[in-house]
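Undergrad: Here it is, the structure in full.
Chains as they are written, first to last, in this note's numbering: chain A, 267 to 661; chain B, 1191 to 1677.
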């Protein structure tokens, strides 16, 4: 291509450079599509191998998520905590912090929200004699959830800035600790298990600690939607308008340079972790306060923390893309449940539970691979160091 | 044993590390490879020891062409290399390290190895306990272990890269006597890679001198040190006349500072720098000048002593406090610690322009970027990612990012890798800042640069610091001798 461009008369040099930019951009635009196509191919192969008709499989996914208004409401109820967690992760991943501990932060948020319910709704003598109505109680639930999630994230942050512990390792450990702490609270006569109960969960929350829900869709609460939209606006403002977002970007690309240029990298690390932890904590609150749950269970997060990590990787840390990608993942997750039950009941075909996870991970893997291939084989001009060309000076 | 290098060339990107180097080593003699930093000594030795491969050229061992694609190949041909940093496994014992890398079965024959080790150690008079853990040993003892390991592999040629850095005087004497006996009695070829002229004169029979990747001379030793200095540094432009400094108020005060780097300790360093003064820090890489400079900007904690900025005690203050006090630091690795790859020029300005607002004023950042790019003659657009600039432009851009009013500017190798024109331009900008009262402290490996621009020179060698008060009295040869450790 390049020689034909160069042979053009000099009057079309501008179009020449334009054309080169388009050629540069093309692989970047195509990469995610190529990745998704490759992932779909693999998924179809896996389904065929399992004896499931991919067409039927897609019908089940559609039926389980998008076909009816009730299903769509359920989908949104699942999407909100996933999306808000992803928004938080955009901040840490942009700053180069691999916040694997987000799963534990969600769990601590769920515990924090339950704690607030116990303090303000279930107790006969609430702290400071605060007797609140439903709105006040729910507000305290969200505040507690955000604070506990942020504190849990700050543990990893302080370990990193003060102790030099990689946030991945502390995150994995803190996930375990959060899970164990949760089990201590609600199992084997733990302090939050109702007396005489053998189920590993708390009692259902009282009426005044349940999120309001839509009249016709009992499992979806408008509150979670408002909070998630608010979080999206804040994160988008941070990422695209604020100086802090620019600083996070800088330290994510080169922490040492950013520090020497005057960015307070340690403080930003702590702030980004705390912000992400509080959003993850809110997601935990969404999960336990959801109108169809209203109790702290053994798995309050249901793995949405890890799912959100995949979302942010696939969205390549773009705040704008995150809602869409998390929506696709919500469809895959909810649709996967229907796919599994559908094949079991209608076709007597037992698909493995983890199949959905395999599908989701395959997509991420393939898209990341496609981006890698693009950088390897079609490196964008802008990412290359200056080369000796006639239009580049040689100083 | 006879090793011949023929027309060896090696380039790293744009850097020509070795250009058409041909030389011959014979058994029974001790050779020196001399040169400043970046002259290509280490690259050449790594090629000879199979650690790297040359782009072109031939290596002949006993007149047979050989291909050395890994250090084990080189050892099989009898060439062993002792690296500057000992290549051992500190959590293991001396004996375990000795066994590692020896040919043998899956289960090491440790009894046999122990006998070999003790016999060799006795022969050379090394007092090494085979069961001691390596992390308890001194650098000198670890070197001894490595030498014994190489000798047990029957190497006929021993290459030593800066072996006398970080070892005691007794260990050096022991090392030199062993090396002499290896050459005289065993007929081995010994190659000493060094920039320490004293060591070369004391030990070697013959010296090859490299400069900027080329073999520029060879000389039978002993010879006058000045001959070697002249070969190493080439012709040095003498200092031009410059208006004398009008020394302003003291900016940087260093009192009895002690900084400990990985290999050596710089002690009793005291210095007063006043406004509008330029201080050049001369010395070979790793002589402590980088640590000293980083200590002066809060990036490297000194062990002892005090640092004052404009009379205020700033010892152990964090980097940001120094920055607020008007101190700026420009490190040598432009893309590693200075600029941010993947961010555009205007994003860099948006990041560094002082502002109280929580949002980015992109209009202002864009405008300031345009102005500064023009003022500093940076060839690039505000929207260009910084890594697309060429080296000289990157350096000018890094300078343009510095705040306008500075008390003290610390620079590491401000013109490294730049051509003469770009280097002159950088110095024009720096001298303009000096005229405004900024004190400048810079590290450079170029003697010309030090002699031309410094008002005073601080020479670092082996933990000692010599202050040259009047560079007009300084000849480049004398400076070269100071750098090489000859006081």
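The beta carbon of each residue, even a glycine, is placed where N, CA and C say it ideally should be.
All figures in this text were calculated on a predicted structure; none of them were measured in a lab.
Please name the residues in the region 517-533 of chain A whose beta-carbon is closer than 8 angstroms to at least one beta-carbon of chain B, in chain order.
TA: Residues 519, 520, 522, 523, 524, 525, 526, 527, 528, 529, 530.
Undergrad: Thinking just about the alpha-carbon of each residue, which of B:1302, B:1573, B:1341, B:1330 is nearest to the one in residue 1313 (chain B)?
TA: Checking every option, the nearest Cα to that of residue 1313 (chain B) belongs to B:1341.
Undergrad: Would you tell me roughly how many angstroms separate the C-alpha atoms of residue 1585 (chain B) and residue 1515 (chain B), rounded to the nearest one?
TA: Spanning the two alpha carbons is a distance of roughly 23 angstroms.
Undergrad: Tell me, please, whether the CB atom of residue 1530 (chain B) is closer than 7 angstroms to any CB atom in chain A?
TA: It does; some Cβ of chain A falls within 7 angstroms.
Undergrad: Run down chain B in chain order and give the residues with a C-beta less than 8 angstroms from the C-beta of residue 364 (chain A).
TA: Chain B residues near residue 364 (chain A): none, gap ~18 angstroms exceeds 8 angstroms.
Undergrad: To test your reading of the DSSP string, which unbroken beta strand (DSSP E) runs of 3 or more residues are found completely within the region 1585-1613 of chain B?
TA: For the region 1585-1613 of chain B, whole beta strand (DSSP E) runs of length 3 or above, ordered along the chain, are 1598-1602.
Undergrad: On the three-state DSSP scale, how would you describe residue 431 (chain A)?
TA: Correct three-state label for residue 431 (chain A): coil.
Undergrad: Thinking residue 466 (chain A) and residue 380 (chain A) are a contact (beta carbons under 8 angstroms), I'd like their distance in whole angstroms, please.
TA: Incorrect: roughly 13 angstroms between the Cβ atoms, too far for contact.
Undergrad: Once you ignore the five residues that flank residue 587 (chain A) on each side, which residues in its own chain have a CB closer than 7 angstroms to its CB?
TA: The residues are 581.
Undergrad: Mind listing which residues of the region 1273-1297 of chain B have their C-beta closer than 8 angstroms to chain A's C-betas, in chain order?
TA: The region 1273-1297 of chain B vs chain A, Cβ under 8 angstroms: nothing.
Undergrad: Would you say residue 1513 (chain B) reaches chain A, if we count a Cβ-Cβ gap shorter than 7 angstroms as a contact?
TA: Closer than 7 angstroms to some Cβ of chain A, the Cβ of residue 1513 (chain B) qualifies, so yes.
Undergrad: Using the beta-carbon of each residue, which ones in chain A are nearer than 7 angstroms to residue 1542 (chain B)?
TA: Simply 527, 528.
Undergrad: Would DSSP call residue 1306 (chain B) helix, strand or coil?
TA: In the structure shown, residue 1306 (chain B) sits in a helix (DSSP, three-state: H, G or I).
Undergrad: For the beta strand (DSSP E) containing residue 1519 (chain B), name the first residue and the last one.
TA: Here the beta strand (DSSP E) through residue 1519 (chain B) covers 1517-1520.
Undergrad: Can you tell me where the beta strand (DSSP E) holding residue 1396 (chain B) begins and where it ends?
TA: Element bounds for residue 1396 (chain B): 1396-1401.
Undergrad: State the CB to CB distance for the pair residue 1221 (chain B) and residue 1366 (chain B), rounded to an integer number of angstroms; the pair is presumed to be in contact (CB under 8 angstroms).
TA: Not really, about 14 angstroms apart at Cβ, beyond 8 angstroms.
Undergrad: Please report the straight-line C-alpha distance between residue 1414 (chain B) and residue 1570 (chain B), rounded to a whole angstrom.
TA: Cα-Cα distance, rounded: 50 angstroms.
Undergrad: Please name the residue in A:636, A:591, A:432 whose C-alpha comes closest to that of residue 535 (chain A).
TA: The residue with the shortest Cα to Cα distance from residue 535 (chain A) is A:432.
Undergrad: What in chain B is Cβ-close to residue 510 (chain A), meaning under 8 angstroms?
TA: Simply 1548.
Undergrad: In chain A, which residues lie with their C-beta within 9 angstroms of the C-beta of residue 1527 (chain B)?
TA: By Cβ distance, chain A contributes 520, 522, 523, 525, 526.
Undergrad: Taking Cβ positions only, does residue 424 (chain A) come closer than 7 angstroms to chain B?
TA: No, because no Cβ of chain B sits closer than 7 angstroms to the Cβ of residue 424 (chain A).
Undergrad: Just verifying my parser: in three-state terms, what is the DSSP assignment at residue 1496 (chain B)?
TA: Correct three-state label for residue 1496 (chain B): strand.
Undergrad: Apply the 10 Å Cβ neighbour rule to residue 558 (chain A) and answer buried if 16 or more other Cβ atoms are within range, or exposed otherwise.
TA: Label assigned to residue 558 (chain A): exposed.
Undergrad: Here's the rule I'm using: 16 or more other beta-carbon atoms within 10 Å means buried, otherwise exposed. How should residue 575 (chain A) be labelled?
TA: Buried, since its Cβ has 16 or more Cβ neighbours within 10 Å.
Undergrad: Anything in chain B within Cβ reach of residue 513 (chain A), meaning under 9 angstroms, just list it in chain order.
TA: Correct list: 1541.
Undergrad: Output, in chain order, the set of chain B residues within a Cβ distance shorter than 8 angstroms of residue 507 (chain A).
TA: Chain B residues near residue 507 (chain A): 1549, 1550.
Undergrad: Once the 5 residues before and after residue 1458 (chain B) are set aside, which same chain residues still bring their CB inside 7 angstroms of it?
TA: The answer, listed in chain order, is 1446.
Undergrad: With a 10 Å radius around its C-beta and 16 neighbouring C-beta atoms as the bar for buried, classify residue 1595 (chain B) as buried or exposed.
TA: Residue 1595 (chain B) should be labelled exposed.
Undergrad: Are there 16 or more other CB atoms within 10 angstroms of the CB of residue 1553 (chain B), so buried, or fewer, so exposed?
TA: Exposed: under 16 other Cβ atoms inside 10 Å.
Undergrad: Can you tell me the Cβ-Cβ gap for residue 486 (chain A) and residue 339 (chain A), rounded? I've got them flagged as a contact below 8 angstroms.
TA: Confirmed, Cβ separation roughly 4 angstroms.
Undergrad: If you measure between the beta carbons of residue 1519 (chain B) and residue 1487 (chain B), is that distance less than 7 angstroms?
TA: For residue 1519 (chain B) and residue 1487 (chain B), yes; Cβs fall inside 7 angstroms.
Undergrad: Cα separation between residue 460 (chain A) and residue 474 (chain A)?
TA: Straight-line Cα distance between these residues: approximately 19 angstroms.
Undergrad: Rounded to a whole number of angstroms, what is the C-alpha to C-alpha distance between residue 1211 (chain B) and residue 1243 (chain B)?
TA: Roughly 14 angstroms separates the two Cα atoms.
Undergrad: Closer than 9 angstroms between beta carbons: that is the criterion. Which residues of the region 1492-1522 of chain B meet it against chain A?
TA: Those would be 1509, 1510, 1513, 1519, 1520, 1521, in chain order.
Undergrad: What are the start and end residues of the beta strand (DSSP E) that includes residue 542 (chain A)?
TA: Here residue 542 (chain A) belongs to no beta strand (DSSP E); instead the alpha helix (DSSP H) covers 531-555.
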